[in-house]
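**Q**
In the numbering used here, the protein residues as written are 452 to 558.
#1: Is residue 502 near residue 475, with beta carbons less than 8 Å apart?
#2: What are the start and end residues of the alpha helix (DSSP H) that includes residue 493?
#3: For residue 472, which residues in the same chain have their Cβ closer than 6 Å to its Cβ, ignoring the five residues on either side in sequence?
#4: Could you check the C-alpha separation between residue 498 and residue 541 for me, to the nearest Å?
#5: Less than 8 Å between the beta carbons of residue 495 and residue 467, yes or no?
#6: Could you give the residue range of the beta strand (DSSP E) that holds residue 505?
#7: I believe residue 490 touches residue 454 by the beta-carbon criterion, under 8 Å. Please report the beta-carbon distance rounded to the nearest angstrom.
#8: Please name the residue or residues paired with residue 482 in a DSSP beta bridge.
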């Protein structure tokens, strides 16, 4: 996996990456994939004088937070107004509890 350098001066509030972002040591994670950069992230970079970060990902397009909140509530409000459009779920059958074997040979 090829890690690319990202100058900390280019990191902005709300940015998200498609893959995790690591500190300049390449081992410690700075930001999980798809998580937005928060104010405290920016403060840490400044306080610790980190020159660059590393990632194998790309910057993701900005999201419209209002639209995202609207879509998150879509299911809660009842996306379907006609009950005939919704398929009924099947009941699941109970499963037997498995007995744990001690000292069993491993295949």
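A virtual CB, placed ideally from N, CA and C, is assigned to each residue, including glycine.
It should be emphasised that the depicted structure is a prediction, and the values quoted were computed from it without experimental measurement.
**A** In terms of the structure at hand:
#1: As a working note, residue 502 is residue 51 in the chain shown. As a working note, residue 475 is residue 24 in the chain shown. Yes, these two residues count as a Cβ contact at 8 Å.
#2: Sequence index remark: in the chain shown, residue 493 carries index 42 (1-based). First-last of the alpha helix (DSSP H) with residue 493: 490–498.
#3: Position 21 of the chain shown, counted from the start, is the residue given in the question as residue 472. Here the set comprises 481, 482, 504, 506.
#4: Looking up residue 498 in the chain shown gives position 47. Looking up residue 541 in the chain shown gives position 90. Straight-line Cα distance between these residues: approximately 55 Å.
#5: Looking up residue 495 in the chain shown gives position 44. Looking up residue 467 in the chain shown gives position 16. Not in contact: residue 495 and residue 467 (Cβ atoms no closer than 8 Å).
#6: On the chain shown, residue 505 is found 54 positions in, with the first residue counted as 1. Residues 503–506.
#7: Within the chain shown, the letter at position 39 stands for residue 490. Within the chain shown, the letter at position 3 stands for residue 454. The Cβ separation is near 25 Å, so there is no contact.
#8: Here residue 482 corresponds to residue number 31 of the chain shown, with the count starting at 1. Residue 482 pairs with 472.
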